[in-house]
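Inspection log for the structure reproduced underneath, given as C-alpha cells.
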C-alpha cells in the first residue's frame, strides 16, 4: 500500500464498482483530490479505502447522495464543524432505526405466515391455502 492502490484494487477492497468509484470522485466525495500516476492512473491510499467503506455504509443504509455529499464536505472542511456532522449522523441514525423498525414489522408478518404454513403442512391441511378463488386468505 506504500505505492498506492489502483482503482481496480480499491474496487476489490471496497466492493464498489470502478464506475461507482469514478462517480464518487466526480461528485467530490473524497476528502482529497485523488492523485494520478505518471501514466494518468488514479493512485488511492489506505485512508481513501477506509473513507470509501464509510461512505458505502452510509449509502447502503439509505443516506441520500446529497447527505453523503454534505457529510463529505463537512469532514473535508476540517475541524470546527463537528456539531454539524453529529447532527447529520444522528438524523441518519434515526432514519435507519425507523427503517429497521419497519422491516421488523414486516418480518413479524412473514414469520406468522411461516408458522401458519408450517402448521398446515405438518397437519396435512395446507391444500388450498391462498388458492385463487378461495375467498379470504388464511
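Residue numbers (the numbering used here): 89 to 226. For every residue, glycine included, the Cβ atom is placed at its ideal position computed from N, Cα and C. All values derive from a computational prediction rather than experimental measurement.
Where residue i sits in the DSSP three-state scheme
| i | result |
| --- | --- |
| residue 129 | coil |
| residue 215 | coil |
| residue 124 | strand |
| residue 104 | coil |
| residue 117 | coil |
Straight-line gap, residue i to residue j (C-alpha atoms, nearest Å)
| i | j | result |
| --- | --- | --- |
| residue 166 | residue 147 | 22 Å |
| residue 178 | residue 130 | 33 Å |
| residue 123 | residue 191 | 42 Å |
| residue 125 | residue 200 | 57 Å |
| residue 98 | residue 104 | 8 Å |
| residue 187 | residue 127 | 45 Å |
| residue 144 | residue 91 | 24 Å |
| residue 210 | residue 196 | 21 Å |
| residue 89 | residue 134 | With a pLDDT of 42 at residue 89, under the threshold of 50, the modelled position of this residue cannot be trusted; read the value that follows with caution. Rounded to whole angstroms, residue 89 to residue 134 spans 7 Å at the Cα level. |
| residue 152 | residue 168 | 24 Å |
| residue 121 | residue 189 | 39 Å |
| residue 140 | residue 163 | 13 Å |
Residues near residue i by beta carbon distance below 6 Å, same chain, minus five either side
| i | result |
| --- | --- |
| residue 93 | 132 |
Beta-carbon separation (whole angstroms), residue i vs residue j, contact threshold 8 Å
| i | j | result |
| --- | --- | --- |
| residue 160 | residue 117 | 5 Å |
| residue 108 | residue 137 | With 8 Å as the limit, residue 108 and residue 137 do not qualify as a contact, their Cβ atoms being about 13 Å apart. |
Neighbourhood of residue i by C-beta, 7 Å cutoff - its chain only, sequence neighbours within 5 removed
| i | result |
| --- | --- |
| residue 183 | 150 |
Cutoff 8 Å; reference residue i; Cβ partners in own chain excluding five residues on either side
| i | result |
| --- | --- |
| residue 106 | 95, 96, 99 |
(message) With three or more beta-carbon pairs closer than 8 Å as the criterion, would you say the stretch 150-159 touches the stretch 104-117?
(response) yes
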